[in-house]
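Have a look at the structure below before the remarks.
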């Protein structure tokens with residue numbers, strides 16, 4: 005591994021020679037020498053220095069971007085080579101959209117923990133768009149999301165089908181109807197998730213399919229808040245069956261008998277389109293698919 009790149013990236017991250025030297029366990033003059041050598045190699049200044057901090061210039065930004073990728077690939081190469089002779093181990097950065105992360109992932113992590121003690125999961129929860137972007141930025145290793153995310157750099161594998169129902173609070177008159185036509189829902193207040201959410205997209209697709217223009221829409225960034233709002237009689241919503249089991253059991257909300265429901269969507273594993281993946285990623289995928297097979 006090129007130590008010049010390691011030093012440069014560290015200085016750029018800390019924006020300070022002294023702090024970078026401390027992090028690298030090097031002397032400050034040694035750090036300065038590495039930077040000077042790299043600038044001589046490229047025949048251009050990469051850093052702009054002043055008394056308080058260091059900033060990368062335009063050339064430095066280019067070097068920084070590619071240096072980060074080189075160092076990331078080097079680290080990944082070490083992990084993959086080590087994987088050939090060792091059991092699955094190390095940190096596994098998992099991203100999950102809210103529905104999966106809050107209602108499905110905990111059980112998977114329990115299984116993973118029992119079978120593979122050396123794997124250390126690091127979980128990030130966000131909406132589908134956020135998780136896919138983190139995957140593209142190499143901030144996570146693997147993602148579990150609602151629906152698809154189409155990108156040439158991402159591989160998508162469906163692992164489950166999710167049933168979604170329109171729900172209402174116990175006081176809603178629509179609950180008493182034997183069948184509700186989608187167009188009747190136009191007069192209702194709809195409570196939906198934020199932009200970028202897989203659940204939000206399914207609601208919008210349902211509106212488009214049935215030419216629904218809701219009288220009023222409330223937007224919340226949490227499924228739990230949406231459920232509480234529905235319970236309070238503020239409106240109706242379309243949510244995954246996974247998320248409403250407890251409320252149905254307690255009779256605080258009900259599924260509306262709406263034509264063309266349940267609405268179905270896919271849950272997907274997403275990963276970067278690379279030839280090699282770590283053993284930790286591979287066994288996690290096996291845990292996901294095995295859990296689904298047992299539930300079928």
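Numbering (the working numbering), first residue to last: 5 to 300.
Each residue gets a CB set at the ideal place from its N, CA and C atoms; glycine is no exception.
Those residues which DSSP pairs with residue i across a bridge
| i | result |
| --- | --- |
| residue 68 | DSSP, once it has assigned bridges, lists no residue as partnering residue 68. |
| residue 73 | In the DSSP output, where bridge partners are listed per residue, residue 73 has none listed. |
| residue 125 | 96 |
| residue 46 | DSSP lists no partner for residue 46. |
| residue 168 | 244, 267 |
| residue 276 | 158 |
| residue 53 | 58 |
| residue 150 | 271 |
Cβ pair residue i, residue j closer than 7 Å
| i | j | result |
| --- | --- | --- |
| residue 246 | residue 107 | yes |
| residue 222 | residue 191 | no |
| residue 266 | residue 168 | yes |
| residue 115 | residue 95 | no |
| residue 173 | residue 66 | no |
| residue 231 | residue 251 | yes |
| residue 24 | residue 13 | no |
| residue 236 | residue 195 | no |
Nearest-angstrom beta carbon gap, residue j and residue i [assumed within contact, 8 Å]
| i | j | result |
| --- | --- | --- |
| residue 171 | residue 259 | 6 Å |
| residue 36 | residue 21 | 6 Å |
| residue 128 | residue 146 | Not quite, the Cβ-Cβ distance comes to about 11 Å (not below 8 Å), so this is no contact. |
| residue 269 | residue 150 | 6 Å |
Nearest candidate by alpha-carbon position, reference residue i, set the options
| i | options | result |
| --- | --- | --- |
| residue 283 | 80, 60, 55, 14 | 80 |
| residue 75 | 234, 10, 126, 25 | 10 |
| residue 271 | 165, 195, 194, 173 | 165 |
| residue 132 | 173, 38, 274 | 274 |
| residue 48 | 13, 230, 64 | 64 |
| residue 215 | 82, 187, 144 | 187 |
| residue 213 | 248, 14, 264 | 264 |
| residue 130 | 120, 105, 248 | 105 |
| residue 241 | 227, 73, 57, 253 | 227 |
| residue 295 | 286, 52, 111 | 111 |
| residue 44 | 18, 54, 8, 119 | 8 |
Inter-stretch contact (C-beta, 8 Å, three-pair minimum) for the stretch 101-114 and the stretch 200-208: yes
At least 3 beta-carbon pairs within less than 8 Å: the stretch 276-292 vs the stretch 180-197: no
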